Amino acid sequence: KGTMAMKRVAVRALREVSRAPATPSVSACRFSTSPASADDNMLHRTSMPHVSETALGGQNHPMIQPDVFVAPSATVVGDVQINFGASVWYNAVIRGDKNQVKVGAKASVGDRVSVSTVASLDSGFPAICDIGYDTVIGSGSSLVSCTVMPGATIGENCVILEGSLVEAKATVLPGSVVPPGRRVPAGQIWGGNPVEYVGENDPEHGNEGVVETESLMAADHIDEFLPINTAFWQKE
2 KGTMAMKRVA VRALREVSRA PATPSVSACR FSTSPASADD NMLHRTSMPH VSETALGGQN
62 HPMIQPDVFV APSATVVGDV QINFGASVWY NAVIRGDKNQ VKVGAKASVG DRVSVSTVAS
122 LDSGFPAICD IGYDTVIGSG SSLVSCTVMP GATIGENCVI LEGSLVEAKA TVLPGSVVPP
182 GRRVPAGQIW GGNPVEYVGE NDPEHGNEGV VETESLMAAD HIDEFLPINT AFWQKE
């Protein structure tokens with residue numbers, strides 16, 4: 002009976018794959034220089050270009066490395082670079098429409114996180130949003146044209162405003178607000194609205210464990226999803 006059940010599963014899998022439309026996968030479209038297919042089987046596109054007069058060809062396209070997990074309900078738009086091993090979780094939105102967004106290797110952008118940019122900063126510095134490698138951005142947080150350096154941790158539901166700097170291995174506690182232009186020094190813990198100094202991080206216990214857990218979870222979730230979603234099943 003077990004052998005017959007396995008055969009039925011295999012036959013069904015082959016049948017579903019054969020019914021899939023012959024359109025580029027979401028992953029393939031992310032790396033191409035042309036817009037993703039507008040096929041009606043693709044109910045949601047995880048990445049899409051943004052029209053820009055200054056961009057080559059009139060559009061900025063996200064550049065997402067092959068092993069990055071972008072959740073099916075997440076959205077990455079415009080001039081966005083996401084490096085190896087990073088993860089963008091469910092309902093997160095990364096918008097590189099006004100300026101560039103960079104997400105470093107193995108960084109985790111949590112559920113419902115909003116990452117956006119402004120056109121310019123009063124300081125004259127570039128108004129990009131730079132999220133360093135091995136960073137953890139907690140669920141529900143909002144980042145605007147800020148810099149989060151490698152190994153930093155942003156707690157859930159934080160607001161990191163334009164021109165602010167969270168230095169390496171610093172921690173912003175959940176629900177905190179980092180005002181425009183504020184600096185959170187390396188290795189320190191800050192919290193509140195607006196943020197204030199709370200204490201020092203233990204140098205022996207950084208966020209490495211959380212980063213590794215997020216990477217393993219992302220690998221598991223990648224295996225759960227087809228490159229093209231299952232909307233075509235409803236066409237039967």
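Position in the sequence shown counted from 1, then plus 1, gives you the numbering used here.
Backbone N, C-alpha and C define an ideal beta-carbon position, used for all residues, glycine too.
Model, not experiment: these values are computed from the prediction.
For I129, three-class secondary structure by DSSP:
coil
Please confirm if the region 77–89 is in contact with the region 104–123, defined as three or more CB-CB distances below 8 Å between the two stretches.
Result yes; three or more Cβ-Cβ pairs closer than 8 Å.
With DSSP collapsed to three states, give me the class of H206.
coil
If I measure Cβ to Cβ from T154 and keep anything under 6 Å in the same chain, skipping five residues before and after, which residues do I get?
V137, T172, N208
Whole angstroms are fine: how far does the CA of V199 sit from the CA of V69?
Rounded to whole angstroms, V69 to V199 spans 34 Å at the Cα level.
May I ask which residues mark the beginning and end of the beta strand (DSSP E) holding D98?
That run of the beta strand (DSSP E) goes 94–104.
On the DSSP letters alone, give me the boundaries of the beta strand (DSSP E) that G79 sits inside.
76–83
Classification of L144 by the beta-carbon crowding that lies within 10 angstroms, buried from 16 upward:
buried
Starting from the C-beta of S121, find all residues in its chain whose C-beta is less than 6 Å away, skip the five residues before and the five after it, and write them out in chain order.
A128
In terms of residues, what are the limits of the beta strand (DSSP E) holding V69?
Element bounds for V69: n/a, residue is neither H nor E.
Nearest residue (CA-CA) to V167, options V179, T47, P63, P204
V179
Would you please verify whether the beta carbon of D221 is less than 9 Å from any beta carbon of chain C?
Given the protein chain composition of this structure (a single chain), no chain C is represented.
T214, DSSP secondary structure in three states:
T214 falls in the helix class under three-state DSSP.
Can you look up E201 in the DSSP assignment and give me helix, strand or coil?
strand
Excluding the 5 residues preceding and the 5 following A169 in the sequence, name in chain order all residues of the same chain whose CB lies nearer than 7 Å to its CB.
M150, P151, G152, A153, A187
With a 10 Å radius around its C-beta and 16 neighbouring C-beta atoms as the bar for buried, classify H206 as buried or exposed.
With fewer than 16 other Cβ atoms within 10 Å, it is exposed.
Can the beta-carbon of S142 be found closer than 9 Å to that of N158?
yes
Straight-line Cα distance separating V52 from H62:
9 Å
CA-to-CA distance, G125 to T118, given in whole angstroms:
14 Å
Exposure of E213, with buried meaning 16 or more beta-carbon neighbours within 10 Å:
exposed
Classification of V211 by the beta-carbon crowding that lies within 10 angstroms, buried from 16 upward
Burial call: exposed.
Please report how far the alpha carbon of S140 lies from the alpha carbon of D123, in whole angstroms.
29 Å
Let me confirm a value: D221 is counted as buried when at least 16 other C-beta atoms fall within 10 Å, else exposed. Which label applies?
Around the CB of D221, fewer than 16 other CB atoms lie within 10 Å, so the residue is classed as exposed.
For H51, name the three-state secondary structure that DSSP assigns.
strand
Quick one: measure Cβ to Cβ for P195 and R183, integer angstroms, because I've assumed they're closer than 8 Å.
7 Å
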